[in-house]
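Residue numbers (my numbering): 144 to 226. Here a beta-carbon is modelled for each residue, glycine too, at the ideal position from N, C-alpha and C. Note that the coordinates shown come from a computational prediction; the quantities given were computed from them, not determined experimentally. Notes for the one structure printed next.
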Amino acid sequence: MLFNSLTFVVFFALVLSAYWTMRHWNARKNLLLVASYLFYGAWNPPFAALLFATTALDFYLGRKMGKVETPGERTVWLGSASR
């Protein structure tokens with residue numbers, strides 16, 4: 144999907160109007176996340192799968208780092224993310 148195409152303009156208008164009709168911030172975040180995956184998936188579906196996989200891994204490791212008490216353990220989780 145190119146930025147200067149009619150498809151993008153319609154997609155953007157739909158996402159923007161859906162965004163402003165939602166009242167809760169969590170719903171808005173989820174809408175933008177799904178719209179991002181759809182946008183990248185329209186260009187090349189394997190990249191959308193890669194984006195989803197890295198998002199899930201970062202979310203998992205971030206939650207693990209948030210639960211750990213010592214900085215040394217956080218460094219271990221951070222190091223596991225870079226490998």
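CA-CA distance, residue i and residue j?
i, j, result
"Asp-201", "Val-153", "31 Å"
"Met-208", "Thr-197", "16 Å"
"Asn-169", "Val-219", "30 Å"
"Thr-213", "Tyr-183", "37 Å"
"Leu-159", "Phe-151", "12 Å"
"Asn-147", "Ala-191", "21 Å"
"Leu-149", "Val-211", "48 Å"
Tell me the DSSP secondary structure of residue i in three-state form.
i, result
"Ser-160", "helix"
"Thr-213", "coil"
"Phe-146", "coil"
"Asn-187", "coil"
"Arg-166", "coil"
Among the options, which residue has its Cα nearest to the Cα of residue i?
i, options, result
"Leu-174", "Pro-189, Ser-223, Gly-184 and Tyr-162", "Tyr-162"
"Tyr-180", "Val-219, Thr-218, Met-144 and Thr-213", "Met-144"
"Phe-155", "Ala-178, Lys-210 and Phe-195", "Ala-178"
"Leu-204", "Pro-188, Asn-187 and Ser-223", "Ser-223"
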